[in-house]
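For reference, the structure discussed in these notes is given below.
Numbering (the working numbering), first residue to last: 142 to 544.
Structure representation (C-alpha cells):
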C-alpha cells in the first residue's frame, strides 16, 4: 500500500535504498571488488521483493511448470571436502578426459598428489564408453568430486526423448550415444561423483548442480557447442551455449544459494572470435566468476577483472595432443562474498605407456630417463607458452616450476 501524502517513507525502506546507492557507488570505484559489490547491490534490491529460498527447499512451480521458470531450483548436491568453513578454497579443474576403461586407474594415479590439496576437484569429461564403471571408480579414487559431462558428442542428450527414434541409421546412432551417456551418469552416481551438463530426463536436465565445499556453495554449469550451430542447423540442445541461457542458469544458481558460479564449456570448433565473445559476455555479468574451456592448451586471460581459460588440453593416454594441465583456481571469501583471486596451473603430459604425468614432479624425480626428460621439458615449454600467448596476466602462473 503506498504511503499517505506527507508521510515519510518507512525507515527500513530508506535504509535499504541508501545501502543500494552506497554499494553501487563503491562498485564503480573499486577495481577487483566491483563485481562482488554489484552482486550485493542486486541482492539488496531483490531483498525488498522476495527472499532467497533455502538450497534444499523445493520452490513453488509457476503456471506452466518448470519450463516457465527456466527449470527447477533445487540443486543436485555433491559431497563436501570438509564440514568446517574456510576463508580460502582451491578448486582444481582437469583438461578433457578420454580414458580407456581398462587403463583408467593406472593413467590417473600420478595425478593423486596434485589433486590432494584441492578442496574441490572437477574433471572435464569423461567421454562415454561401453564400460564407464571402471572409469568412474578411477576418478573417485584419484580424488575427483564432480565432472562436467557436456561435450559436442553429448550436446543433445538432455532431451532424452530422442533416444527412442529409430527410423534411420543416424537416429539409431543417436539412441546408442544417449544410452552410453545414461550408463556414464549411472556410473558416476554409483561412485558418488556429482555431474553437470547432461541428463537422463528433462527433470534432471533442469536441475542445477551445487557443490558444498567447506561452508561455500559452488555452482557447476557445463555446456557444449552444437556443431550444427556453425551452419545454422543446431538441434534443440544447441541453445545451451547461448549467453542468455547460461546467464539464466547462473541467476538461478545464485538464487539457490551459490557463492561461486563456474562455467565449463566445450567450444567444439568455434573460432577464437566466438570464444572471446562468449567469455566476454559471461564475465561482464556479476553472476559468473570463472569460465573454463576445452580444446588444446590455450591462453588464460583476465576479462572484466575475472579469469577465462580458453583451453585446458587433454588428459588422454593416447592421441596426438599429449599436452594438458590441471587448473587451480584460488577462491577467497571477503566481507562482501566469494571471488576468484588467482589461477595457477600444473602442466601434464601423456606418456607412451598411457600414463598421465605431472610434468614438474616427473622432471624432479631422480629416476626419470633422459629421453623422457627431453619430452617433458618440451611439453612444459609448449604449455607455458600457450597459457601466456596473450601476454603476462596478473595472478596466473605455474603452480610450481621444476627444480
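The C-beta atom is built at its ideal place from N, Cα and C for all residues, glycine as well.
Note that the coordinates shown come from a computational prediction; the quantities given were computed from them, not determined experimentally.
(request) Evaluate contact between the stretch 264-282 and the stretch 518-534, counting only Cβ atoms and requiring at least three cross-stretch pairs below 8 Å. (result) Short answer: they don't touch.
(message) For residue 424 and residue 449, which I take to be in contact (beta-carbon distance under 8 Å), what is that distance rounded to the nearest angstrom?
(response) Translated into the one-based positions of the chain shown, residue 424 becomes position 283. Translated into the one-based positions of the chain shown, residue 449 becomes position 308. The beta-carbon distance between residue 424 and residue 449, rounded to whole angstroms, is 6 Å. This is short enough to meet the 8 Å contact definition.
(message) With H, G and I counted as helix, E and B as strand and the rest as coil, what does DSSP make of residue 484?
(response) Position 343 of the chain shown, counted from the first residue, corresponds to residue 484. Annotated three-state conformation of residue 484 is strand, per DSSP.
(request) Please go through the same chain and pick out, in chain order, the residues whose beta-carbon is closer than 7 Å to the beta-carbon of residue 304, but skip the five residues on each side of it. (result) Reading the chain shown from its first residue, position 163 is the one you call residue 304. Per-residue confidence for residue 304 stands at a pLDDT of 34, beneath the threshold of 50, marking its modelled position as unreliable; no derived number is given.
(request) Compare the Cα-Cα distances from residue 257 to each of 469, 511, 399, 356 and report the closest residue. (result) The sequence position of residue 257 within the chain shown is 116, counting from 1. The option with the nearest alpha carbon to residue 257 is 469.
(message) Helix, strand or coil for residue 235? Go by DSSP, reduced to three states.
(response) Here residue 235 corresponds to residue number 94 of the chain shown, with the count starting at 1. Looking at residue 235 - three-state DSSP - the assignment turns out to be strand.
(request) Check the DSSP bridge columns for residue 537 and list the partner residues they point to. (result) Residue numbering aside, residue 537 sits at position 396 when the chain shown is read from its first letter. DSSP lists 484 as partners of residue 537.
(message) Taking 8 Å as the cut-off, does the stretch 327-337 touch the stretch 358-366 (at least 3 CB pairs, one atom from each stretch)?
(response) The stretch 358-366 vs the stretch 327-337: in contact.
(message) Once the 5 residues before and after residue 358 are set aside, which same chain residues still bring their CB inside 6 Å of it?
(response) Counting from 1 along the chain shown, the entry for residue 358 is found at position 217. Only residues of its own chain outside the window of five on either side were considered, and among them 351, 398, 399, 400 have a CB closer than 6 Å to the CB of residue 358, listed in chain order.
(message) As a quick exercise: from 476, 472, 482, pick the residue whose alpha carbon is nearest that of residue 259.
(response) The residue given as residue 259 occupies position 118 in the chain shown. Of the candidates 476, 472, 482, the one whose C-alpha sits nearest the C-alpha of residue 259 is 472.
(request) Let me know if residue 353 comes out buried or exposed under the rule of 16 or more other beta-carbons within 10 Å of its beta-carbon. (result) The residue given as residue 353 occupies position 212 in the chain shown. It counts as buried.
(request) Less than 8 Å between the CB atoms is what I'm expecting for residue 501 and residue 542, so what's the real figure, rounded? (result) By 1-based counting over the chain shown, the position of residue 501 is 360. By 1-based counting over the chain shown, the position of residue 542 is 401. The C-beta separation of residue 501 from residue 542 comes to about 6 Å, placing the pair in contact by the 8 Å criterion.
(message) With DSSP as the reference, identify every bridge partner of residue 589, one or two as the case may be.
(response) Residue numbering for the chain in the displayed model covers 142 to 544; residue 589 lies beyond these limits and cannot be assessed.
(message) Just checking residue 329 against the ligand ATP - is the residue's beta carbon closer than 8 Å to any of the ligand's heavy atoms?
(response) Among the ligands in the structure shown, none appear at all, so the ligand ATP cannot be discussed.
(request) Could you spell out where the alpha helix (DSSP H) holding residue 283 opens and where it closes? (result) What you label residue 283 is simply residue 142 of the chain shown in a count that begins at 1. Element bounds for residue 283: 273-283.
(request) Would you identify the three-state DSSP class for residue 423, choosing helix, strand or coil? (result) As a working mapping, residue 423 is identified with position 282 in the chain shown. Reduced to three states, the DSSP call for residue 423 is helix.
(request) Determine the contact status of residue 284 and residue 455, defining contact as a CB-CB distance below 9 Å. (result) Taking the first residue of the chain shown as 1, we reach residue 284 at position 143. Taking the first residue of the chain shown as 1, we reach residue 455 at position 314. No. Outside cutoff.
(message) Quick check on residue 339: does DSSP put it in helix, strand or coil?
(response) Here the question's residue 339 lines up with position 198 in the chain shown. Here residue 339 sits in coil by DSSP.
(request) Have a look at residue 457 and residue 290 and give me their C-alpha separation to the nearest angstrom. (result) As a first step, residue 457 is located in the chain shown; it is residue number 316 there, counting from the start. As a first step, residue 290 is located in the chain shown; it is residue number 149 there, counting from the start. The alpha-carbon atoms of residue 457 and residue 290 are separated by roughly 16 Å.
(request) Return the chain-ordered list of same chain residues with a C-beta closer than 6 Å to the C-beta of residue 262, the five sequence neighbours on each side being excluded. (result) Taking the chain shown and counting its residues from 1, one reaches residue 262 at position 121. Sequence-distant partners of residue 262 (beyond 5 residues in either direction) whose C-beta falls short of 6 Å from its own C-beta, in its chain, are 233, 256, 284, 285, 286.
(message) In this structure, how does DSSP classify residue 345 when only helix, strand and coil are distinguished?
(response) Here residue 345 refers to the residue found at position 204 of the chain shown. In this structure, residue 345 counts as helix in the three-state DSSP scheme.
(message) By the three-class DSSP mapping on this structure, what secondary structure does residue 530 have?
(response) Mapped onto the chain shown, residue 530 falls at position 389. Residue 530 falls in the coil class under three-state DSSP.
(request) Put residue 407 into one of helix, strand or coil per three-state DSSP. (result) One-based indexing of the chain shown puts residue 407 at position 266. The answer is strand: DSSP assigns residue 407 an E or B state.
(message) I need the boundaries of the alpha helix (DSSP H) containing residue 384, first residue and last residue.
(response) Residue 384 sits at position 243 when you count from the first residue of the chain shown. Per DSSP, residue 384 belongs to the alpha helix (DSSP H) from 384-396.
(request) Report the rounded CA-to-CA distance for residue 414 versus residue 451, giving the unit in angstroms. (result) Locating residue 414 in the chain shown gives position 273, counting from the first residue. Locating residue 451 in the chain shown gives position 310, counting from the first residue. Residue 414 and residue 451: Cα-Cα distance of roughly 11 Å.
(message) Quick check on residue 342: buried or exposed, where buried means 16 or more other Cβ atoms within 10 Å of its Cβ?
(response) Your numbering for residue 342 matches position 201 in the chain shown. It is exposed - the Cβ of residue 342 has fewer than 16 other Cβ atoms within 10 Å.
(request) Could you work out which residue in 367, 443, 384 is closest to residue 428 when comparing CA atoms only? (result) By 1-based counting over the chain shown, the position of residue 428 is 287. Scanning 367, 443, 384 for the CA closest to the CA of residue 428 turns up 384.
(message) Check whether the stretch 483-503 and the stretch 245-253 are in contact - that is, three or more C-beta pairs closer than 8 Å.
(response) The stretch 483-503 and the stretch 245-253 touch, with no fewer than 3 CB-CB distances between them shorter than 8 Å.
(message) By the three-class DSSP mapping on this structure, what secondary structure does residue 317 have?
(response) Reading the chain shown from its first residue, position 176 is the one you call residue 317. DSSP places residue 317 in helix when its eight states are reduced to three.
(message) Just to confirm, is the Cβ distance from residue 388 to residue 433 under 9 Å?
(response) Position 247 of the chain shown, counting from 1, holds the residue named residue 388. Position 292 of the chain shown, counting from 1, holds the residue named residue 433. Taking 9 Å as the Cβ cut-off, residue 388 and residue 433 do not qualify as a contacting pair.
(message) Can you give me the C-alpha to C-alpha distance between residue 545 and residue 435, rounded to a whole angstrom?
(response) Residue 545 lies beyond the stretch modelled for the chain, which goes from 142 to 544, so this question has no answer here.
(request) Would you grab the beta carbon distance between residue 227 and residue 276 for me? Rounded to a whole angstrom, and I think it's under 8 Å. (result) Indexing the chain shown from 1 puts residue 227 at position 86. Indexing the chain shown from 1 puts residue 276 at position 135. Incorrect: roughly 30 Å between the Cβ atoms, too far for contact.
(request) Between the Cα of residue 538 and those of 519, 509, 484, spot the shortest distance and give me the residue it belongs to. (result) Reading the chain shown from its first residue, position 397 is the one you call residue 538. The residue with the shortest Cα to Cα distance from residue 538 is 484.
(request) Indicate whether residue 355 and residue 230 have their beta-carbon atoms separated by less than 9 Å. (result) By 1-based counting over the chain shown, the position of residue 355 is 214. By 1-based counting over the chain shown, the position of residue 230 is 89. Taking 9 Å as the Cβ cut-off, residue 355 and residue 230 qualify as a contacting pair.
(message) Which residues does DSSP list as the beta-bridge partners of residue 260?
(response) Along the chain shown, one-based indexing puts residue 260 at 119. By DSSP's assignment, residue 260 forms no beta bridge with any residue.
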